[in-house]
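These notes concern the structure reproduced below.
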């Protein structure tokens with residue numbers, strides 16, 4: 017039972033490049049979330065999903081897109097990377113009423 | 836807009852000391868308050884969750900309290916140990932399960 021897994025662990029992008037951050041959970045939770053954490057700061061919600069086929073914007077959605085075709089997977093897409101997107105990205109999941117379980121994070125640098 | 840503030844931002848104490856971490860929030864419409872631990876370069880681990888109907892929760896040497904009327908939560912750590920060194924984050928849940936995080940308190944417990 018791996019919980020929440022994220023790939024890659026680290027990535028360096030050039031300005032204007034695109035990439036997809038992968039998140040997979042084996043906890044059979046309906047709710048999934050993407051957060052970003054800037055240095056020395058708390059986490060901010062980018063997008064979330066309450067089930068397959070349903071996604072919605074969080075606090076800081078600009079520059080990102082998501083999809084949720086299965087219960088297990090919730091990828092986050094960056095289309096035109098900008099230096100402001102340099103951050104650590106965390107995926108999380110829960111049952112909708114209790115604590116959230118987090119993945120180990122993806123550290124992204126945009127140069 | 837909901838704001839969550841954690842004071843102090845950093846704290847250094849000698850081993851064995853009892854300590855209190857503070858979390859304040861502006862939105863009194865709270866579903867639950869969650870405390871997390873984050874080790875350097877790692878994801879978040881849930882410590883305690885206090886439902887809005889509860890006043891406190893305990894787990895081992897940790898005790899978290901919630902005062903909705905004043906918009907405050909505290910995390911009490913008894914008999915601190917070097918292994919408690921980490922960043923502690925509180926998060927406000929407004930019933931949509933969209934967490935708003937504080938900036939965290941970075942704790943160092945010296946042997």
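Protein chains in written order, with this note's numbering: chain A, 17 to 127; chain B, 836 to 946.
For glycine and all other residues, C-beta sits at the position ideal for the given N, C-alpha and C.
Option in the options with minimal Cα separation from residue i
| i | options | result |
| --- | --- | --- |
| residue 899 of chain B | B:890, B:938, B:872 | B:890 |
| residue 35 of chain A | A:74, A:86, A:114, A:79 | A:79 |
| residue 47 of chain A | A:125, A:30, A:122, A:118 | A:118 |
| residue 897 of chain B | B:903, B:887, B:871 | B:871 |
Three-way DSSP call (helix, strand, coil) for residue i in this model
| i | result |
| --- | --- |
| residue 110 of chain A | strand |
| residue 67 of chain A | strand |
| residue 919 of chain B | helix |
| residue 99 of chain A | helix |
| residue 115 of chain A | coil |
| residue 31 of chain A | coil |
6 Å CB neighbourhood of residue i in its chain, flanking five on each side removed
| i | result |
| --- | --- |
| residue 849 of chain B | 945 |
| residue 131 of chain A | Residue 131 of chain A lies beyond the residue range present for chain A, which begins at 17 and ends at 127; the question has no answer from this structure. |
| residue 89 of chain A | 40 |
| residue 855 of chain B | 909, 911 |
| residue 845 of chain B | 941 |
Spatial neighbours of residue i in its chain, beta-carbon cut-off 7 Å, leaving aside the 5 residues before and after
| i | result |
| --- | --- |
| residue 919 of chain B | 912, 942, 944 |
| residue 842 of chain B | 857 |
| residue 28 of chain A | 125, 127 |
| residue 862 of chain B | 837, 927, 929 |
| residue 85 of chain A | 68 |
Residue i - partner residues in DSSP beta bridges
| i | result |
| --- | --- |
| residue 123 of chain A | A:26, A:104 |
Proximal residues to residue i (C-beta, below 8 Å), its chain only, five neighbours per side dropped
| i | result |
| --- | --- |
| residue 864 of chain B | 929, 930 |
| residue 894 of chain B | 882, 883 |
| residue 939 of chain B | 841, 844, 873, 922, 923, 924 |
| residue 25 of chain A | 120, 121, 122, 123 |
Length-filtered (3 minimum) beta strand (DSSP E) runs lying within the segment 837-864 of chain B:
As far as the segment 837-864 of chain B is concerned, its whole beta strand (DSSP E) runs of at least 3 residues are 839-842, 845-849, 854-860.
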